[in-house]
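Numbering (the numbering used here), first residue to last: 9 to 199. Notes to accompany the following structure.
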């Protein structure tokens with residue numbers, strides 16, 4: 009596994025730019041949307057956790073970690089629409105994927121899948137990772153379809169794993185191994 013500094017990455021229809029504290033205003037805006045928070049595992053967050061100051065502090069903490077790579081997702085036209093990250097990059101060649109498409113008008117357009125393929129392809133090719141995993145709400149049908157389209161496979165159910173609006177809900181653990189990523193040049197189903 010090789011750790012390198014974050015740099016911009018190009019997908020087919022998105023560009024990933026290294027996340028900066030200055031992007032906190034964007035994230036705070038996205039977090040003001042209850043449906044975004046619903047799928048982002050942030051439904052229990054109070055308003056004080058969604059302020060620009062709080063978000064900036066959280067971004068700064070994440071950027072200080074040498075084990076995380078965080079990116080702003082932009083459309084080909086340069087419109088910021090979300091974030092994607094590799095978290096907890098481990099010496100054994102694994103990391104966790106996190107993604108947020110905060111601009112709802114860009115949901116279900118394939119941009120999240122492109123961002124995932126771009127970052128996970130980079131993780132396998134440039135960082136030497138062998139596995140990328142994620143957890144998602146078990147009822148997140150749109151997200152699960154996207155992850156499956158990228159080659160992620162179901163690995164298990166985390167029963168009553170988190171609270172959503174005060175009620176426990178199940179989550180799914182999913183992962184993709186090097187060589188299983190779909191829709192990327194040089195990978196199965198790639199272009």
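Just so it is clear, CB atoms sit at the ideal spot from N, CA and C, and this is done for glycine as well. Remember, it's a predicted structure, so these values are computed and weren't measured experimentally.
Residue from 176, 47, 30 with nearest C-alpha to residue 64: 30
So what's residue 73 in DSSP terms, helix, strand or just coil? If DSSP states are grouped into helix, strand and coil, residue 73 belongs with coil.
Please state whether the Cβ-Cβ distance between residue 103 and residue 72 is less than 8 angstroms. no
Collapsed DSSP secondary structure at residue 82 in the structure displayed: strand
For residue 77, which option in 149, 140, 164, 171 has the closest C-alpha, if you only look at C-alpha atoms? 140
Contacts around residue 68, its chain only, beta-carbon distance under 6 angstroms, and the 5 residues preceding and following it disregarded: 29
What did DSSP end up calling residue 187 once you bin it into helix, strand or coil? coil
Continuous beta strand (DSSP E) assignments of at least 3 residues falling wholly in the region 87 to 136: 88 to 98, 102 to 109
Do you know offhand how far residue 145's Cα is from residue 41's? 18 angstroms
Just to confirm my understanding: we take residue 179, look at its own chain, exclude 5 residues before and 5 after, and list those with CB closer than 8 angstroms. What are they? Cβ within range, chain order: 143, 144, 145, 146, 165, 166, 169, 170.
Taking only the alpha-carbon atoms, compute the straight-line gap between residue 87 and residue 124 and give it to the nearest angstrom. 17 angstroms
What residues in its chain sit with their C-beta under 6 angstroms from that of residue 97, if we drop five residues either side in the sequence? If the five residues before and after residue 97 are omitted, its C-beta is found closer than 6 angstroms to the C-beta atoms of 75, 103, all from its own chain and listed in chain order.
Nearest-angstrom Cα distance between residue 197 and residue 61? Residue placement at residue 197 is flagged as unreliable, the pLDDT there being 45, under the threshold of 50; the coordinate-derived value follows with that caveat. Distance between the alpha carbons of residue 197 and residue 61: 42 angstroms.
State the Cα-Cα distance for the pair residue 21 and residue 83, rounded to the nearest angstrom. 6 angstroms
Segment limits, beta strand (DSSP E) that includes residue 151: Premise fails: residue 151 lies in the alpha helix (DSSP H), 149 to 157, not in any beta strand (DSSP E).
N-terminal and C-terminal residue of the beta strand (DSSP E) that residue 164 is part of: Bounds of the beta strand (DSSP E) holding residue 164 are 161 to 172.
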